[in-house]
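Heads up, the sequence shown is in my numbering, so the first residue is 1 and it goes up one at a time.
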Amino acid sequence: MKRLILVSLLSFAAVSTAFAQVVVKHPWVRATVPAQTATGAFMRLEAATGARLVDVHSPVAGVVEIHEMAIVNNVMKMRAIPGLDLPAGKAVELKPGGYHVMLMDLKGQVKEGDTVLLTLIVESKNGKRETLEVKAVARALSGAMGNEHHH
């Protein structure tokens, strides 16, 4: 009986820790100028099994939202989305001009070289949630554009 319970517990632990297997690569945040109230966070997300990014939090911002940017009728539009699908085995880029995390109501200036803590909430297909703590380094605007893929 003890063996059955142990095997059951180990099986559950393996499933619960491996459900999404989301890997975060190259996280960064765009540095701000004094009095700027918003900025963006960018990264590459890869899920071994299908998952969905459903929420993001950060101590540096009063409001954090998952956004998409798109061209609609030749006008660039940005809007909050309720979540972002992470297809199994496919990298999803959060980058300037596309999907990204908006950090708004900033509590202070985000200076080049600062480390910004981001908490990502990822949900598996069966509704289980995983919390990922990410440290993103702030980059200057001039150095951030075009360099997000070179590491």
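Positions of the beta carbon are idealized from the N, C-alpha and C atoms, including for glycine.
Contact between P34 and Q109 is confirmed by a C-beta separation of about 5 Å, below the 8 Å threshold. Taken in chain order, no unbroken stretch of alpha helix (DSSP H) lies wholly in the segment 48 to 131 with a span of 4 residues or more.
The Cβ-Cβ distance between A140 and D114 does not fall below 8 Å.
The beta-carbon separation of L132 and V22, rounded to 6 Å, stays under the 8 Å limit for a contact. Taking all protein chains in view, the Cβ of H57 is surrounded by fewer than 16 other Cβ atoms within 10 Å, so the residue is classified as exposed.
Between H26 and M43, the alpha-carbon positions lie close to 5 Å from each other.
Between the segment 87 to 107 and the segment 40 to 55, the count of C-beta pairs closer than 8 Å reaches three or more; the two stretches touch. I81 has its alpha-carbon roughly 23 Å from the corresponding atom of T32.
Our two residues, K128 and T39, have alpha carbons roughly 30 Å apart in a direct line. Distance between K135 and G89, taken at the CA atoms: about 23 Å. M69 and M76 have their alpha carbons spaced roughly 7 Å apart. About 4 Å separates the CB atoms of A61 and L103; that is less than 8 Å, so the two are in contact.
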